[in-house]
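Note that the sequence shown covers residues -27 to -1, 1 to 245 in mature numbering (1 follows the signal peptide of the UniProt record, and there is no 0).
Note that CB positions come from ideal geometry on N, CA and C, so glycine has one too.
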Amino acid sequence: MSTYLKLTATVFLVSCLLSSCTLLRFAYAPSIQQVPAFKEKNESRVTAVAASTLVGTENSYSLQGAYAITNHFAVTAAWYGSLRSQDELTYSDGSGNTGTDIVKYKRSAAEFGAGVFYPISRDKKVFFELYGGYGFGKNNISDNSTTNSGALGFHNSKTNRYYIQPSFSFHTGENFTLSTVLRFTSIGYSNISTSYDNNELESYQLLQLTRNRLLFVEPALVTSFGFASAPWFRVQAQMNASLLTGNSNTNYRSNYFSLGFQFDPVKALKTK
């Protein structure tokens, strides 16, 4: 019986080391969605937000700008970047020595878009918005360890994405807006350079990136609120979820929460 228990424990330990006790490599992290929630011509938005995944430790930021050229048409632009973004796994070699494997992420992207917005209620408190756009950037993954200096492995690539984003914005008060969004994102990876071999690429579920684009469905809830004394300033919060569609088998971040500040420079000038 003792021999059987030892064998079972050995099998369990080996399985743990080979599977569940391995850090995943996340090929995709959703970007913070931009929802201007315009109501009329000459409105503007300058937004700065920070986001964090609800699972894992990946943080990002975004600087966004939007302007309503007419009563129904607007343009947008944004920049996304990584803050402290890494996953860690601490292990022991059985002799009392411990180490930590670290996977770091560095992502950045620029994005440009345009869209329309129309009131769908008589009191003009409910608006339908439809935006679409294109983005491009970098997606870098690197392996590190506390027991070794320098990167142990890497997977770097260029990214390009297309998105279409319908939403409904409810202006329930003069200084409060709630938006429900459903964004469809198609992202492709190119110019891939990596130190991983084919077995590692398959194990980390990165091999799929060389074959076809990934399509995500991304619902979000966005709210912003301000103050009567400063109608040009608001606090914005957003909750997002990402769902990979199709037959692709890739690790990705599935959600985040963001918090930031939103300014309307045009309204600020008019107020002054």
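### Task
State yes or no: is the C-beta of GLY110 within less than 8 Å of the C-beta of ALA82?
yes
### Task
Indicate the three-state DSSP secondary structure (helix, strand or coil) for PRO238 in the structure shown.
helix
### Message
Any beta carbon from chain D within less than 8 Å of ALA203's own beta carbon?
### Response
The structure shown contains no chain D, having only a single protein chain.
### Task
Could you tell me the distance, in whole angstroms, from the CA atom of SER4 to the CA atom of GLN209?
15 Å
### Task
Could you name each continuous beta strand (DSSP E) segment of 3 residues or more that falls completely within the stretch 150 to 226, going from the start of the chain to the end?
187 to 200 and 203 to 214
### Query
Would PHE11 pass as a contact of PHE85 if the rule is Cβ separation under 8 Å?
Taking 8 Å as the Cβ cut-off, PHE11 and PHE85 do not qualify as a contacting pair.
#### Entry: Sequence-distant residues of its chain with Cβ nearer than 8 Å to GLU13 (five each side left out)
If we look at GLU13 and ignore the five residues flanking it on each side, its Cβ neighbours are ALA41 and ASN44.
### Query
What residues in its chain sit with their C-beta under 7 Å from that of GLU175, if we drop five residues either side in the sequence?
none
### GLU31 beta carbon less than 8 Å from that of ARG226
yes
### Query
For THR73, which residues does DSSP report across the bridge?
Note: THR73 sits in a beta bridge opposite THR63.
### Task
Look up THR145 in the DSSP assignment and say whether it is helix, strand or coil.
strand
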